[in-house]
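Chemist: Keeping their order, the protein sequence lines are chains H and Y.
Here the first sequence is numbered in the numbering used here, starting from 17 and rising by one per residue.
Here the second sequence is numbered in the numbering used here, starting from 932 and rising by one per residue.
C-beta: ideal position from N, C-alpha, C; glycine also.
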Amino acid sequence: DAKTTQPPSMDCAEGRAANLPCNHSTISGNEYVYWYRQIHSQGPQYIIHGLKNNETNEMASLIITEDRKSSTLILPHATLRDTAVYYCIVRGLYNQGGKLIFGQGTELSVKP
Amino acid sequence: AAGVIQSPRHLIKEKRETATLKCYPIPRHDTVYWYQQGPGQDPQFLISFYEKMQSDKGSIPDRFSAQQFSDYHSELNMSSLELGDSALYFCATGRLTTNEKLFFGSGTQLSVL
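The structure is reproduced here in structure tokens:
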């Protein structure tokens, strides 16, 4: 079963920051938080992942709370092409064979 | 850069037929994961392999089987196809012993008529 909870949908204005929350209150100490997104009928695309420190790359920033029970994915300047379903996934390398378990995800709609 | 390659991209079969889906990982990736995604559904984990051995099993029907070969490519074999097997099938590959991300292929769209 998925170990994360996300809002089913969110809207964001083009050019504004999109902040996507995720709750993972049962996360274990050796589990990472991964974010993937899926544009309609395409393969899921990796965005970012982290353990406990905040992370930033060319696509997004990941903010993980100190207790690691929740995190926020930030798309700093959302574009129409960022419209997709965003999945927050807790992944353990060894206790689950490293697989990604997809939950409901958040359907982000970026509007002009 | 090389990506995960899946073939075929589209497949049309009739009920009770068989189908074989193939997944070619990125070089040096030792782990393959198979997922099924029905219309409007989230991807569901089916099965995974690490170093050519089955490492985990999810909601994979008994009619389905899979294996990973010596060159690390993987095949998902589906027999006695049913209408409900119509879905997108993705594979993802990675290296289990590192914390690197998993890469997904573009998927195979299977339609059972």
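Please report the straight-line C-alpha distance between residue 1035 of chain Y and residue 958 of chain Y, rounded to a whole angstrom.
Modeler: If you take the alpha carbons of residue 1035 of chain Y and residue 958 of chain Y, they lie about 14 Å apart.
Chemist: Sort out for me which residues DSSP pairs residue 32 of chain H with in a bridge.
Modeler: Answer by DSSP bridge pairing: none, since residue 32 of chain H is not bridged.
Chemist: For the beta strand (DSSP E) that contains residue 996 of chain Y, what are its first and last residues?
Modeler: Taken as a continuous stretch (DSSP letters only), the beta strand (DSSP E) holding residue 996 of chain Y covers 995–999.
Chemist: With which residues is residue 1040 of chain Y paired in a DSSP beta bridge?
Modeler: DSSP, once it has assigned bridges, lists Y/941 and Y/1019 as partnering residue 1040 of chain Y.
Chemist: Taking a contact to mean a Cβ-Cβ separation below 7 Å, would you say residue 980 of chain Y touches residue 999 of chain Y in this structure?
Modeler: Cβ atoms of residue 980 of chain Y and residue 999 of chain Y: closer than 7 Å.
Chemist: Shortest alpha-carbon distance to residue 89 of chain H belongs to which of H/66, H/57, H/114 and H/108?
Modeler: Considering only alpha carbons, the answer is H/66.
Chemist: Sorted by chain position, which residues of the same chain lie with C-beta nearer than 7 Å to residue 1038 of chain Y's C-beta, five sequence neighbours on each side aside?
Modeler: Within the same chain, residue 1038 of chain Y has close Cβ partners 937, 1019, 1020 and 1021.
Chemist: Name the chain H residues whose beta carbon is nearer than 7 Å to that of residue 1019 of chain Y?
Modeler: Simply 57.
Chemist: Just to confirm the assignment, what range does the beta strand (DSSP E) spanning residue 6 of chain H have?
Modeler: Residue 6 of chain H is absent from the structure shown; chain H starts at 17 and stops at 128.
Chemist: Given residue 960 of chain Y, which residues of its chain have a CB within under 6 Å of its CB, disregarding the five upstream and five downstream residues?
Modeler: Once the five neighbours on either side are set aside, the close Cβ partners of residue 960 of chain Y are 1024, 1025 and 1026.
Chemist: Tell me whether the beta-carbon of residue 33 of chain H lies closer than 7 Å to the beta-carbon of residue 128 of chain H.
Modeler: Going by C-beta atoms, residue 33 of chain H is not nearer than 7 Å to residue 128 of chain H.
Chemist: Kindly list the residues whose CB is nearer than 6 Å to the CB of residue 945 of chain Y, restricted to its own chain and excluding five residues on each side of it in sequence; keep chain order.
Modeler: Excluding positions up to five away in sequence, the list reads 1044.
Chemist: Would you mind giving the Cβ-Cβ distance between residue 987 of chain Y and residue 108 of chain H, rounded to the nearest angstrom? I have them listed as a contact below 8 Å.
Modeler: Contact flag wrong, Cβ pair sits at about 11 Å.
Chemist: Taking the straight line between their C-alpha atoms, what separation do you get for residue 1029 of chain Y and residue 29 of chain H?
Modeler: Computed Cα separation, rounded: 37 Å.
Chemist: Taking Cβ-Cβ distances below 9 Å as the criterion, which residues of the region 953–968 of chain Y are in contact with chain H?
Modeler: If the cut-off is 9 Å between Cβ atoms, the region 953–968 of chain Y has 962, 964, 966 and 968 near chain H.
Chemist: What's the gap between the Cα of residue 939 of chain Y and the Cα of residue 56 of chain H?
Modeler: Whole-angstrom Cα-Cα distance: 19 Å.
Chemist: Counting only Cβ pairs nearer than 7 Å, list the residues of chain Y close to residue 102 of chain H.
Modeler: Neighbours of residue 102 of chain H on chain Y: none; closest Cβ ~12 Å, over 7 Å.
Chemist: Count the other CB atoms, across all protein chains shown, that sit within 10 Å of the CB of residue 95 of chain H; report buried if there are 16 or more and exposed otherwise.
Modeler: Label assigned to residue 95 of chain H: exposed.
Chemist: Give me the residue from H/53, H/117 and H/85 with the minimum Cα distance to residue 97 of chain H.
Modeler: Minimum Cα distance to residue 97 of chain H is reached at H/53.
Chemist: Chain Y partners of residue 22 of chain H, CB-CB under 7 Å?
Modeler: What residue 22 of chain H touches in chain Y: nothing, since even the nearest Cβ is about 11 Å away.
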